[in-house]
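Oh and the sequence shown: position 66 is 990 in my numbering, straight run, nothing missing.
Please read the structure below before turning to the comments.
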Amino acid sequence: MLHCPATIVLAGPEDEAARAALTAELRDRRIAMVYSGTAEPARTVAAALAADLDAGAAESAELTGLDPEACGRAELAHRLQSVADLHRGETVLVIADRSESSAAPIEVEIGDDGVRIVHRTR
């Protein structure tokens, strides 16, 4: 049986202006949850974005140190799989510990047929 994929928007811990732009960009989408790892500044940024988007916030040790620019597709899928399994058919935001905080957010779909990078959002 096939399930709807989870849509995961990956963003880095950015400055205030970039966070405001991300909030404006995502406001019209129903964000089910905002995730981060357990390290700063990602967890503080995730909590602020969750409040701005009227979504829940959660931390996952599995997401700590996640840098989508540095890891391959297989590692990215493995690190995001538990989030995807909880949110089939939904959109969630993951604040990653990126090496380049200015990198554009990445939208990823994870489903039964694998991982698909949908687009970069900026």
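Where is the CB? At the ideal position from N, CA and C, for every residue including glycine.
(Q) Taking 6 Å as the limit between beta carbons, can you name the residues of its chain near Val958, skipping five residues before and five after? (A) Ala970, Leu973, Ala974, Ala979, Ala981, Leu1017
Q: Kindly confirm or deny that the segment 938-949 and the segment 1032-1042 touch, where touching means at least three C-beta pairs closer than 8 Å.
A: no
Q: Assign Ala942 to one of three DSSP states: helix, strand, or coil.
A: helix
Q. Apart from the five residues on each side of it in sequence, which residues of its chain come closer than 7 Å, Cβ to Cβ, to Thr947?
A. Leu973, Asp976, Leu977
Q. Nearest CA to the CA of Leu987: which residue from Gly936, Ile955, Asp952?
A. Gly936
**Q.** Opening and closing residue of the beta strand (DSSP E) in which Thr1015 lies
**A.** 1015-1019
Q | Asp1021 to Asp952 span [Cα, whole Å] | A | 25 Å
Q. What alpha helix (DSSP H) runs, 4 residues minimum, are completely inside the segment 980-1010?
A. 997-1010
Q) With respect to the beta strand (DSSP E) encompassing Leu977, which residues constitute its N-terminal and C-terminal limits? A) First-last for Leu977: undefined, no H or E at that position.
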